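**Q**
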Amino acid sequence: MSDPAPGLRPSYVLTLSCPNRPGIVAAISQALFELGGDIAGAQQFDERESRIFFMRVVFSVPAGGVERAMLGQALAALAARFDMQWSLRESLRPTRTVIMVSRFDHCLVDLLYRWRIGELAIAPVAIIANHPRETYAHIDLDGIPFHYLPVTAATKEAQEARMAEIVHGTGAELVVLARYMQILSDSMSAWLAGRCINIHHSFLPGFKGAKPYHQAFARGVKLIGATAHFVTPDLDEGPIIEQDVERITHADTPDDLIRKGRDIERRVLARAVRYFTECRVIPNGRKTIVFNP
Numbered sequence: 001m002s003d004p005a006p007g008l009r010p011s012y013v014l015t016l017s018c019p020n021r022p023g024i025v026a027a028i029s030q031a032l033f034e035l036g037g038d039i040a041g042a043q044q045f046d047e048r049e050s051r052i053f054f055m056r057v058v059f060s061v062p063a064g065g066v067e068r069a070m071l072g073q074a075l076a077a078l079a080a081r082f083d084m085q086w087s088l089r090e091s092l093r094p095t096r097t098v099i100m101v102s103r104f105d106h107c108l109v110d111l112l113y114r115w116r117i118g119e120l121a122i123a124p125v126a127i128i129a130n131h132p133r134e135t136y137a138h139i140d141l142d143g144i145p146f147h148y149l150p151v152t153a154a155t156k157e158a159q160e161a162r163m164a165e166i167v168h169g170t171g172a173e174l175v176v177l178a179r180y181m182q183i184l185s186d187s188m189s190a191w192l193a194g195r196c197i198n199i200h201h202s203f204l205p206g207f208k209g210a211k212p213y214h215q216a217f218a219r220g221v222k223l224i225g226a227t228a229h230f231v232t233p234d235l236d237e238g239p240i241i242e243q244d245v246e247r248i249t250h251a252d253t254p255d256d257l258i259r260k261g262r263d264i265e266r267r268v269l270a271r272a273v274r275y276f277t278e279c280r281v282i283p284n285g286r287k288t289i290v291f292n293p
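Read in order, the letters of the sequence shown correspond to residues 1 to 293 in full-length UniProt numbering.
#1: Terminal residues of the continuous alpha helix (DSSP H) containing residue 189?
#2: Taking contact to mean 3 or more Cβ pairs, one atom from each stretch, closer than 8 Å, check whether the stretch 279-290 and the stretch 114-132 are in contact.
#3: Identify the continuous alpha helix (DSSP H) that holds residue 141 and give its terminal residues.
#4: Is it buried or exposed, residue 202, if we count other Cβ atoms within 10 angstroms and call 16 or more buried?
#5: Under 8 Å by Cβ, that's how I've got residue 270 and residue 197 pegged, so tell me the actual separation to the nearest angstrom.
#6: Measuring alpha carbon to alpha carbon, tell me which residue in 82, 222, 98 and 19 is nearest residue 147.
#7: Rounded to whole angstroms, what's the CA-CA distance from residue 194 to residue 34? Just pull it up for me.
#8: In the DSSP assignment, what residue or residues form a beta bridge with residue 250?
#9: Return helix, strand or coil for residue 290, following the three-state DSSP convention.
#10: With DSSP as the reference, label residue 224 as helix, strand or coil.
#11: Assess contact between the stretch 59-77 and the stretch 136-155, defined as three or more Cβ pairs (one per stretch) separated by less than 8 Å. Is contact present?
#12: What are the boundary residues of the beta strand (DSSP E) that includes residue 151?
#13: State the CB to CB distance for the pair residue 86 and residue 15, rounded to an integer number of angstroms; the pair is presumed to be in contact (CB under 8 Å).
#14: If you reduce the DSSP assignment to three classes, tell me which class residue 39 lands in.
#15: For the beta strand (DSSP E) containing residue 60, name the first residue and the last one.
#16: What residue range does the alpha helix (DSSP H) around residue 25 cover?
#17: Thinking residue 340 and residue 186 are a contact (beta carbons under 8 Å), I'd like their distance in whole angstroms, please.
#18: Leaving out the 5 sequence neighbours to the left and right, which residues in its chain are closer than 7 Å to residue 4 when beta-carbon positions are compared?
#19: In whole angstroms, give me the CA-to-CA distance for residue 38 and residue 54.
#20: For residue 252, count neighbouring C-beta atoms within 10 Å of its own C-beta (all shown protein chains included) and say buried if the count is 16 or more, exposed if not.
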């Protein structure tokens with residue numbers, strides 16, 4: 001994030017989780033007050049089953065008055081006091097993002113469009129595909145570096161090593177599998193834990209294997225959906241971030257289901273990415289806490 005303009009108050013988002021006990025909110029508010037902080041919004045949740053407390057705080061500090069290190073020191077002291085896991089991010093800084101895609105490009109196109117119009121606070125630093133650039137010749141990638149990384153069973157390890165080089169070299173904070181139809185290895189999934197989002201073509205749990213919409217059609221389903229979740233070594237079992245569904249009828253053909261399914265996938269993935277970039281998602285074991293707008 002560049003230096004703020006004169007008079008502009010730097011803004012931050014603080015997210016945290018810790019065992020619940022009295023005084024957490026008061027301590028955070030007092031610490032920010034003593035640093036000259038101005039809280040613009042706060043959301044909190046007490047999970048009664050685990051007795052874990054979750055919170056998201058948006059605040060600003062006086063321009064030129066408080067260094068990031070001072071904020072870190074104050075929050076580190078609170079973390080030690082309350083056994084707290086926490087993260088602090090500049091709210092105006094876009095999230096450096098790698099987008100991965102296979103043949104189906106509707107989610108890629110949608111993410112790029114939302115980025116261009118300022119709806120998504122991402123900074124696309126690379127696009128990785130297992131199909132050549134010609135497959136996406138109709139798409140304006142706006143100068144985003146494109147990496148063609150074909151993969152087979154024999155080359156998977158080398159391909160993922162190159163993928164990791166790109167993610168690391170670009171400083172990517174988020175990897176989005178925008179209908180990337182290759183299964184990541186357990187080691188790659190573990191390395192990307194908490195920063196890799198996948199869009200799944202069903203309202204999980206759902207129909208597995210090839211042609212899921214044709215399977216749904218054959219079963220006469222009345223709802224189809226999509227699920228955005230964090231990637232883990234357990235295939236399609238990662239913590240769910242966002243889901244949506246759409247009602248269908250007996251009159252819908254498989255092509256109708258595919259068309260409607262693409263629409264759901266686009267909007268579900270876009271919402272999940274936005275929640276991530278706005279620090280609204282806090283991991284909670286096999287689940288997530290999502291502080292919706």
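We put the CB at the ideal spot given by N, CA and C, even for glycine.
This one's a predicted model, so the numbers in the text were calculated from it and none came from an experiment.
**A** Looking at the coordinates:
#1: 186-191
#2: no
#3: Here residue 141 belongs to no alpha helix (DSSP H), and DSSP marks it neither H nor E.
#4: buried
#5: Wrong, their Cβ atoms sit about 11 Å apart, outside the cutoff.
#6: 98
#7: 32 Å
#8: Paired residues: none, contrary to the question.
#9: strand
#10: strand
#11: no
#12: First-last for residue 151: undefined, no H or E at that position.
#13: 7 Å
#14: strand
#15: 52-60
#16: 24-34
#17: The question about residue 340 has no answer here: the residues shown for the chain are numbered 1 through 293.
#18: Low local confidence applies: a pLDDT of 40 at residue 4 is under 50, so the model's placement there is unreliable, with the coordinate-based value given in what follows. Answer for residue 4: 10 and 63, listed in chain order.
#19: 20 Å
#20: buried
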